[in-house]
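As structure tokens, the structure follows; a few thoughts come after it.
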Amino acid sequence: MNQAERYDEKPGGEEAPESVEIGRIQLLLAEKRTSLAALRTGIAIFTLPLSVTTVLVTTSRFYNFVENLHYLIPLLVVCVGLVLAGAYLIVVSLVKFQRESRQIARIKERHRDWQDLFD
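Written out as structure tokens, the structure reads:
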């Protein structure tokens, strides 16, 4: 028996009351909103280096790369760091979102009379 199944039943083997199940769903929906906010932040962080690089490429005819290498290398290192941080946030938030969706689906399966409330 896994951890999620342990909390779904009372010690006597009875099912948890409806109020507890509704509280669980509310908590899971709040967690899903948090995951979506993290996803939005990850996408924003991921796109920032792309826009900076676009500006550098667009304005490249106005300067010489070799003369400005001491500015460009740290900037590109920061851009790579931002891309990695954004990708990490995106992946973590998608994994959490999927897990929370599976937990809500499990609760929906146990309470067939709630189906019309969730769709």
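Quick note: to get our numbering, add 1 to the position in the sequence shown (first position is 1).
No residue lacks a Cβ here, since even glycine has one placed at the ideal position from N, Cα and C.
Please read these numbers as outputs of a predicted model, since none were measured by experiment.
Exposed unless 16 or more other CB atoms sit within 10 angstroms - verdict on residue i
i: Ile74; result: exposed
i: Ser36; result: buried
i: Gly24; result: exposed
i: Gly43; result: buried
C-alpha distance - residue i paired with residue j, whole-angstrom precision
i: Thr55; j: Thr48; result: 11 Å
i: Ile108; j: Glu19; result: 11 Å
i: Leu118; j: Ala38; result: 24 Å
i: Asn65; j: Tyr72; result: 11 Å
i: Leu85; j: Arg62; result: 29 Å
i: Val1; j: Ser52; result: This structure leaves residue 1 out entirely; the chain is present only between 2 and 120.
i: Asn69; j: Thr60; result: 13 Å
i: His112; j: Ala17; result: 11 Å
i: Lys33; j: Arg100; result: 9 Å
i: Leu76; j: Val58; result: 13 Å
Residue i in three-state terms, based on DSSP
i: His112; result: coil
i: Phe98; result: helix
i: Tyr72; result: helix
i: Phe47; result: helix
i: Ala17; result: coil
i: Val58; result: helix
i: Tyr89; result: helix
i: Phe63; result: helix
Residues near residue i by beta carbon distance below 8 Å, same chain, minus five either side
i: Leu40; result: Leu90, Ile91, Ser94, Leu95 and Phe98
i: Ala45; result: Gly87
Cut-off 7 Å between Cβ atoms - residues of its own chain near residue i, not counting five sequence neighbours on either side
i: Asp114; result: none
i: Leu83; result: Ile46, Leu49 and Pro50
Taking three-plus beta-carbon pairs below 8 Å as touching, is the segment 29 to 36 in contact with the segment 100 to 119? The answer is yes - the segment 100 to 119 touches the segment 29 to 36, with three or more Cβ pairs under 8 Å.
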